[in-house]
Amino acid sequence: MFPGGGQPNMQQLLQQAQKMQQDLARAQAELAATEVEGQAGGGLVKATVTGSGELRGLVIDPKAVDPEDTETLADLIVAAVQAANDNAQQLQQAKLGPLTQGLGGGMPGLGF
157 MFPGGGQPNM QQLLQQAQKM QQDLARAQAE LAATEVEGQA GGGLVKATVT GSGELRGLVI
217 DPKAVDPEDT ETLADLIVAA VQAANDNAQQ LQQAKLGPLT QGLGGGMPGL GF
C-alpha cells in the first residue's frame, strides 16, 4: 500500500533507483581502490588484495623458504590469500551491505 492510497510516483521511484545505482557504483569503485591484507605463519607470508578481491601483492619472509619443504610454503601462501580475501569480504559487506539491502537482497557474485 502506498501512502495516501494512490499510485506510486514513478519519477520519484526512478530518482531513488538512480541514486542507489550511483551509490553502489561509488562503493564498488572505493572497494577496487582499497587494499586489505591477510597473513599466515605469524606474518611470514602476507597477501594484499583489493576490497573487490584482486590479488595485488605477496610478501614472503625468507625464513619461510625451505627448499626441502615447499609444501608448507604453499600452504602459508594459500592461507594468507584466504585471510586477505576474508578481509575483503568483510569490507564488501560493510560498504555494500546497506546498499544491497535496499535492492531486496544480496548481489550475485559478491558473496552476500
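For the record, in the sequence shown the residue sitting at position 84 is 240 according to the numbering used here, with numbers rising by one throughout.
Just so you know, even glycine gets a beta-carbon here, dropped at the ideal spot from N, CA and C.
Here the structure is a predicted model, which is why all the values come from computation and not from measurement.
{"Check": "First and last residue of the uninterrupted beta strand (DSSP E) at Glu193", "Outcome": "191-196"}
{"Check": "Thr226 classed as buried or exposed, judged by whether at least 16 other C-beta atoms fall within 10 angstroms", "Outcome": "exposed"}
{"Check": "Bounding residues of the beta strand (DSSP E) (the contiguous stretch that carries Lys202)", "Outcome": "201-206"}
{"Check": "Sequence-distant residues of its chain with Cβ nearer than 6 angstroms to Val215 (five each side left out)", "Outcome": "Lys202"}
{"Check": "Check whether Thr190 and Thr206 have beta carbons under 8 angstroms apart", "Outcome": "yes"}
{"Check": "Lys251 beta carbon less than 8 angstroms from that of Glu193", "Outcome": "no"}
{"Check": "Burial state of Ala230, where buried means 16 or more other Cβ atoms lie within 10 Å", "Outcome": "exposed"}
{"Check": "Own chain residues within Cβ distance below 6 angstroms of Ala244, not counting five before or after", "Outcome": "Val192, Val205, Gly207, Gly209"}
{"Check": "Backbone CA spacing between Gln172 and Leu211 [nearest angstrom]", "Outcome": "34 angstroms"}
{"Check": "Proximity to Lys219 [Cα-Cα], best of Val234, Gln238, Gly198", "Outcome": "Gly198"}
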